[in-house]
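Undergrad: My questions will all concern the structure given below.
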Amino acid sequence: MNNQANPRRPKRGSYRPKPETLALLKTSGNPINGVGEFTPRRPSPFFWHPPDQHPWGGLQMVAHENSRKCPGSAEAFQAAYTYPELVPVADTRNEATAEQLTAELTSFALAHEADGIGVTAMDPLYVFEGYAINEPWVVVLALAHNYERLKEVPSDETNGVGVCDVGDQYAKGTRSSYALVIWIRSQGYNAKPYPGPSANALALIPPAIAAGLGELGKHGSLINRHFGSGVRLAGITTDMPLIATGPDRFGADEFCATCQICTAACPPVAIGPQKQMVRGVERWYVDFDKCIPYFTEAASCGICIAECPWTRPDVRPKLLATMTRRLDQ
3 MNNQANPRRP KRGSYRPKPE TLALLKTSGN PINGVGEFTP RRPSPFFWHP PDQHPWGGLQ
63 MVAHENSRKC PGSAEAFQAA YTYPELVPVA DTRNEATAEQ LTAELTSFAL AHEADGIGVT
123 AMDPLYVFEG YAINEPWVVV LALAHNYERL KEVPSDETNG VGVCDVGDQY AKGTRSSYAL
183 VIWIRSQGYN AKPYPGPSAN ALALIPPAIA AGLGELGKHG SLINRHFGSG VRLAGITTDM
243 PLIATGPDRF GADEFCATCQ ICTAACPPVA IGPQKQMVRG VERWYVDFDK CIPYFTEAAS
303 CGICIAECPW TRPDVRPKLL ATMTRRLDQ
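Following this note's numbering, the numbering of the sequence shown begins with 3 at its first residue and continues without gaps.
See the structure below:
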């Protein structure tokens, strides 16, 4: 699907934010996110955190209202915020080996709505400033979009298919992460869930990359070898002894260096052609000040992840084969 095929998508560069939207963008988000910084540090709370933790509370409220105007979206996202009650940690521990516990945890997660799972050791840089996490392990769950629904983004009052699928995957992430936390606690170990769409203490993409769930794409989102960019994440922290799964390099980063599809599809021209230094790491970065006004007005957008070639089920196997050959050379 291209911009011309979807009447809800303005052509690249033709979008102009509403004055009232720009008035709510009171502070540039790029310095807060650490653009241009050469020293590693923890990320600052940002747009998806509670509104008293960042300068864009009013803009966040408008984004929320616009997304909920779409048919079916209010119910979809309400399910993402419906949490079951957590059980206390059991007095008796499962004393199996870390290998056995990791295998049991993986099987349980995949049997309870997770489409993928990765494990990595906690790194302080995964924790947002102002928060604390004490557990030594991070488990990240991948929730795959329905591509046929996702490609309908952006949504509006006439078509809510795309944003509803976003809400549905976050709801699946809530159910699967809470189910896994309850299981871990039943095994005698502490665990805490960190599902989306609202952000909490745990930044999800960095541990997801470290745990082998994908590579960072030019559009600032994760690219997974099985689901492309059509994937949402939920996190868990725990003190259960586990075995890390390790990164997965399959060529997405190299592909993004020359691909221009998400760049060309982005109405506010927020996706740049080159990596930038962000909190001490040279990586892909999406211009916050250009992206967020359109995201706010376009019911959470999603164009870049829908247009990504890796997200297309008919294209992804060919890309994997091509990039595997290039990496092996």
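Backbone N, C-alpha and C define an ideal beta-carbon position, used for all residues, glycine too. Owing to the predicted nature of the structure, the values given are computational and were not obtained by experimental measurement.
Considering residue 236, what are the terminal residues of the beta strand (DSSP E) in which it resides?
TA: 233-240 is the span of the beta strand (DSSP E), which, as asked, contains residue 236.
Undergrad: Here's the rule I'm using: 16 or more other beta-carbon atoms within 10 Å means buried, otherwise exposed. How should residue 145 be labelled?
TA: Buried, since its Cβ has 16 or more Cβ neighbours within 10 Å.
Undergrad: Should residue 79 be flagged as near chain B, meaning a C-beta pair shorter than 8 Å?
TA: Going by chain labels, chain B is absent from the structure shown, which holds only one protein chain.
Undergrad: Just to confirm before moving on: does the CB-CB distance between residue 115 and residue 174 stay below 8 Å?
TA: Yes, Cβ-Cβ distance for residue 115 and residue 174 is below 8 Å.
Undergrad: Would you list the one or two residues that DSSP bridges to residue 284?
TA: DSSP, once it has assigned bridges, lists 279 as partnering residue 284.
Undergrad: Look at the Cβ atom of residue 36, then the Cβ atom of residue 328, and state whether they are nearer than 8 Å.
TA: Taking 8 Å as the Cβ cut-off, residue 36 and residue 328 do not qualify as a contacting pair.
Undergrad: Would you say residue 304 and residue 156 are within 8 Å of each other, going by their C-beta atoms?
TA: Going by C-beta atoms, residue 304 is nearer than 8 Å to residue 156.
Undergrad: Looking only at its own chain, which residues have a Cβ that is under 6 Å from the Cβ of residue 41, when we skip the five neighbours before and after it?
TA: Taken in chain order, the residues that qualify are 282.
Undergrad: Is there contact between the segment 262-273 and the segment 125-135, where contact requires at least three CB pairs shorter than 8 Å?
TA: These segments do not touch.
Undergrad: For residue 13, which three-state DSSP category applies?
TA: Three-state result, residue 13: coil.
Undergrad: Can you grab the Cα-Cα spacing for the pair residue 52 / residue 164, in whole Å?
TA: Distance between the alpha carbons of residue 52 and residue 164 is about 24 Å.
Undergrad: Quick check: the Cα distance between residue 288 and residue 97, rounded to an integer number of angstroms?
TA: Their Cα atoms are separated by approximately 45 Å.
Undergrad: Within 10 angstroms of its Cβ, does residue 233 collect 16 or more other Cβ (buried), or is it exposed?
TA: Residue 233 is buried by the Cβ-count criterion.
Undergrad: Going by beta-carbon coordinates alone, are residue 238 and residue 321 separated by less than 8 Å?
TA: No, they are not a contact pair.
Undergrad: Candidates 218, 325, 154: which alpha carbon is nearest residue 7's?
TA: If we check each option's Cα against that of residue 7, 154 comes out closest.
Undergrad: Quick one: what's got a C-beta closer than 6 Å to residue 247's C-beta in the same chain, skipping five residues either side?
TA: If we look at residue 247 and ignore the five residues flanking it on each side, its Cβ neighbours are 120, 121, 213, 214.
Undergrad: Drop a sphere of 10 angstroms on the beta-carbon of residue 172, count the other beta-carbons inside from all chains shown, and report buried for 16 or more, exposed for fewer.
TA: By the 10 Å Cβ count, residue 172 comes out buried.
Undergrad: Are the beta-carbon atoms belonging to residue 252 and residue 117 less than 8 Å from one another?
TA: Contact flag unset, no.
Undergrad: Let me check understanding here. Comparing Cα to Cα, which of 306, 294, 331, 313 lies closest to residue 49?
TA: It is 294 whose Cα lies nearest to the Cα of residue 49.
Undergrad: For residue 317, tell me which candidate among 284, 227, 245 has the shortest Cα-Cα distance.
TA: Selected option, being the one with the closest Cα: 227.
Undergrad: Enumerate in chain order the residues of its own chain whose CB-to-CB distance from residue 81 is below 6 Å, with the five nearest sequence positions on each side excluded.
TA: 173.
Undergrad: On the DSSP letters alone, give me the boundaries of the alpha helix (DSSP H) that residue 211 sits inside.
TA: It spans 207-212 - the alpha helix (DSSP H) in which residue 211 sits, taken as one unbroken run.
Undergrad: Look up residue 29 in the DSSP assignment and say whether it is helix, strand or coil.
TA: In this structure, residue 29 counts as coil in the three-state DSSP scheme.
Undergrad: Tell me the residue span of the alpha helix (DSSP H) that contains residue 174.
TA: Unbroken alpha helix (DSSP H) run through residue 174: 163-188.
Undergrad: Taking the alpha-carbon positions, what's the residue 24 to residue 46 distance?
TA: Taking the straight line from one Cα to the other gives about 22 Å.
Undergrad: How many whole angstroms separate the CB atoms of residue 231 and residue 307, which I take to be in contact at a CB cut-off of 8 Å?
TA: The pair is a contact, with the Cβ atoms about 4 Å apart (cut-off 8 Å).
Undergrad: Does the beta-carbon distance from residue 168 to residue 30 come in below 8 Å?
TA: Not in contact: residue 168 and residue 30 (Cβ atoms no closer than 8 Å).
Undergrad: Could you pull out every residue in the same chain whose Cβ sits closer than 7 Å to the Cβ of residue 312, ignoring the five residues on either side in sequence?
TA: Closer than 7 Å at the Cβ level, and outside the excluded window around residue 312, lie 225, 230, 231, 254, 318, 321.
Undergrad: Can you tell me which residues form a DSSP beta bridge with residue 120?
TA: DSSP output for residue 120 lists 142 as bridge partner(s).
Undergrad: Kindly indicate the opening and closing residues of the beta strand (DSSP E) around residue 195.
TA: From DSSP, the beta strand (DSSP E) with residue 195 extends over 193-196.
Undergrad: Using the three-state DSSP reduction, which class does residue 271 fall into: helix, strand or coil?
TA: Looking at residue 271 - three-state DSSP - the assignment turns out to be coil, as it is neither helix nor strand.
Undergrad: Along the chain, where does the alpha helix (DSSP H) that runs through residue 108 open and close?
TA: That run of the alpha helix (DSSP H) goes 100-113.
Undergrad: Quick check on the burial criterion: 16 or more other C-beta atoms within 10 angstroms. Buried or exposed for residue 4?
TA: With a pLDDT of only 47 at residue 4, under the threshold of 50, the placement of this residue in the model should not be trusted; the figure read from the coordinates follows. Classification for residue 4: exposed.
Undergrad: So, is residue 347 buried or exposed, given that buried needs 16 or more other C-beta atoms within 10 angstroms?
TA: The requested residue 347 does not occur in the structure, where the chain is confined to residues 3 to 331.
Undergrad: List the whole-angstrom C-beta distance separating residue 285 from residue 292, where the pair is believed to meet the contact cut-off of C-beta under 8 Å.
TA: At roughly 18 Å, the Cβ-Cβ gap does not stay under 8 Å, so residue 285 and residue 292 are not in contact.
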